[in-house]
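Asker: I have a structure here, written as structure tokens, and I will follow up with some questions on it.
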Amino acid sequence: LSAAGPDTTEFELASALAGRVVAAGAEPLVLLCNGSSRSGFRHPLATHAPLGRRAMAVVCARRDGLIANITRWVRFDAGTSEELDAEARIAAVEADIFTATVPGARLDSIFGEIKAAYVRHGFGGEQWEQHHQGGPAGYAGRDPRVTADATDTVVLSQPFTWNPSGPGVKIEDTVQITESGLTVLTVDERWPTTSVNGLRRPVTLQV
Numbered sequence: 178l179s180a181a182g183p184d185t186t187e188f189e190l191a192s193a194l195a196g197r198v199v200a201a202g203a204e205p206l207v208l209l210c211n212g213s214s215r216s217g218f219r220h221p222l223a224t225h226a227p228l229g230r231r232a233m234a235v236v237c238a239r240r241d242g243l244i245a246n247i248t249r250w251v252r253f254d255a256g257t258s259e260e261l262d263a264e265a266r267i268a269a270v271e272a273d274i275f276t277a278t279v280p281g282a283r284l285d286s287i288f289g290e291i292k293a294a295y296v297r298h299g300f301g302g303e304q305w306e307q308h309h310q311g312g313p314a315g316y317a318g319r320d321p322r323v324t325a326d327a328t329d330t331v332v333l334s335q336p337f338t339w340n341p342s343g344p345g346v347k348i349e350d351t352v353q354i355t356e357s358g359l360t361v362l363t364v365d366e367r368w369p370t371t372s373v374n375g376l377r378r379p380v381t382l383q384v
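Note that the numbering used here numbers the sequence shown so that position 202 is 379, with each residue one more than the last.
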């Protein structure tokens with residue numbers, strides 16, 4: 178993403194990411210990308226559209242049978258106050274979901290917390306209907322996706338990928354439940370982060 182520019186197309190970015198994933202010894206399973214003209218799409222298949230002033234990339238990759246999932250954003254200007262505010266609020270939604278993801282919790286209970294978190298942080302109660310919210314990860318991208326009917330129970334050492342999203346914002350990493358709390362598995366030391374409830378969370382890369 179740091180090598181991309183406003184004139185880079187979504188297809189060019191997705192193909193570059195695929196090459197990096199394969200070079201790291203992993204298999205790209207999902208590669209999604211949107212530029213600023215398509216920022217309203219939360220699960221965006223790449224097109225020939227240029228990235229413009231801002232872009233999102235989503236990678237789901239498998240290595241040694243296990244799947245990691247990640248979303249990152251890049252922008253080529255300072256960003257608007259509305260964007261910066263929404264980015265902070267979606268990170269707060271995610272933080273509330275992380276707090277609810279503890280051993281013994283049931284997925285349907287966490288799903289209720291997801292819906293409440295959107296309202297609590299100013300996104301409204303319908304955002305969970307616009308895209309799936311994630312769930313346990315590992316040998317499948319999500320196993321299963323969280324819903325009001327999912328009765329699976331969180332266990333120690335289990336990986337999760339939550340992906341709350343709102344208009345023009347989304348946040349996603351793969352984490353693991355440990356005895357000392359959540360550990361973020363998909364960390365790149367070069368990527369800018371901020372601390373949210375003691376966890377390093379990604380912010381938009383400004384190029």
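Built from N, CA and C at the ideal position, the CB exists for glycine as well.
Taking the Cβ atom as the reference point for each residue, do Y295 and G289 lie within a distance shorter than 8 Å?
Answerer: For the purposes of this step, residue 295 is taken as the residue at position 118 of the sequence shown. For the purposes of this step, residue 289 is taken as the residue at position 112 of the sequence shown. No; because the gap between Cβ atoms is not below 8 Å, this pair is not in contact.
Asker: Is the beta carbon of E187 sitting closer than 8 Å to the one on N211?
Answerer: Position 10 of the sequence shown, counted from the start, is the residue given in the question as residue 187. Position 34 of the sequence shown, counted from the start, is the residue given in the question as residue 211. Contact flag set, yes.
Asker: In chain order, what are the residue ranges of uninterrupted beta strand (DSSP E) at least 3 long that sit wholly in the region 267 to 324?
Answerer: 311 to 313
Asker: Exposed or buried, P336, counting other C-beta atoms within 10 Å across all chains shown (16 or more means buried)?
Answerer: Within the sequence shown, the letter at position 159 stands for residue 336. Buried.
Asker: Which stretch, first to last residue, makes up the beta strand (DSSP E) that contains L208?
Answerer: In the sequence shown, residue 208 corresponds to position 31, counting from 1. Element bounds for L208: E204 to N211.
Asker: Rank G315, V251 and S357 by C-alpha distance to the C-alpha of V380 and give the top, closest one.
Answerer: Here residue 380 is taken as the residue at index 203 of the sequence shown, counted from 1. Nearest option by C-alpha distance: V251.
Asker: Just the C-alpha distance for L178 and R230, rounded to the nearest angstrom, thanks.
Answerer: Numbered from its first residue, the sequence shown carries residue 178 at position 1. Numbered from its first residue, the sequence shown carries residue 230 at position 53. Taking the straight line from one Cα to the other gives about 13 Å.
Asker: Does the region 215 to 225 touch the region 321 to 338, meaning 3 or more C-beta pairs lie closer than 8 Å?
Answerer: no
Asker: State buried or exposed for G343, treating a residue as buried only when at least 16 other CB atoms are found within 10 Å of its CB.
Answerer: Taking the sequence shown and counting its residues from 1, the one referred to as residue 343 is at position 166. Per the 10 Å Cβ criterion, buried.
Asker: Is I348 near the ligand GDP - that is, is its Cβ less than 7 Å away from at least one heavy atom of it?
Answerer: Of the ligands one can find in the structure shown there are none, so the ligand GDP has no counterpart to examine.
Asker: How long is the line joining the alpha carbons of A277 and A201, rounded to whole angstroms?
Answerer: In the sequence shown, residue 277 corresponds to position 100, counting from 1. In the sequence shown, residue 201 corresponds to position 24, counting from 1. The C-alpha of A201 is placed about 33 Å away from the C-alpha of A277.
Asker: Pick helix, strand or coil for G217, following the three-state DSSP scheme.
Answerer: In the sequence shown, counting from the first residue as 1, residue 217 sits at position 40. The answer is coil: DSSP assigns G217 none of H, G, I, E or B.
Asker: On the CB-based measure, 16 or more other CB atoms within 10 Å of its CB, does E260 come out buried or exposed?
Answerer: What you label residue 260 is simply residue 83 of the sequence shown in a count that begins at 1. So E260 ends up on the buried side.
Asker: Give the single residue among A245, I244, R240 and G217 whose Cα lies nearest to the Cα of M233.
Answerer: Counting from one through the sequence shown, the residue named residue 233 turns up at place 56. Comparing Cα positions, the closest option is G217.
Asker: L228 to L194, Cα distance in whole Å?
Answerer: Start at 1 with the first residue of the sequence shown, and residue 228 comes out as number 51. Start at 1 with the first residue of the sequence shown, and residue 194 comes out as number 17. Distance between the alpha carbons of L228 and L194: 14 Å.
Asker: Looking only at C-alpha atoms, which of L382, S357 and N246 sits nearest to D366?
Answerer: As a working mapping, residue 366 is identified with position 189 in the sequence shown. A small correction: the amino acid at residue 366 is Glu; Asp does not occupy that position in the sequence shown. Ranking L382, S357 and N246 by Cα distance to E366 puts L382 first.
Asker: Report all residues from its chain with a CB closer than 8 Å to the CB of I267; omit the five preceding and five following residues, and keep chain order.
Answerer: The residue labelled residue 267 in the question sits at position 90 within the sequence shown. These residues qualify, in order along the chain: H298, F300, P341, S342, G343, V346, K347 and I348.
Asker: Tell me, please, which residues DSSP counts as bridged to S372.
Answerer: Taking the first residue of the sequence shown as 1, we reach residue 372 at position 195. BP columns for S372 point to R377.
Asker: Is R283 buried or exposed, if buried means 16 or more other CB atoms sit within 10 Å of its CB?
Answerer: Counting from one through the sequence shown, the residue named residue 283 turns up at place 106. It is exposed - the Cβ of R283 has fewer than 16 other Cβ atoms within 10 Å.
Asker: For the alpha helix (DSSP H) holding V198, just list the boundary residues, first then last.
Answerer: Taking the sequence shown and counting its residues from 1, one reaches residue 198 at position 21. From DSSP, the alpha helix (DSSP H) with V198 extends over E187 to A200.
Asker: Return helix, strand or coil for E260, following the three-state DSSP convention.
Answerer: Walking along the sequence shown from the start, residue 260 turns up at place 83. Helix, per DSSP.
Asker: Which residue marks the beginning of the beta strand (DSSP E) containing V232, and which one marks its end?
Answerer: What you label residue 232 is simply residue 55 of the sequence shown in a count that begins at 1. The amino acid at residue 232 is misidentified as Val; the sequence shows Ala. That run of the beta strand (DSSP E) goes R231 to R240.
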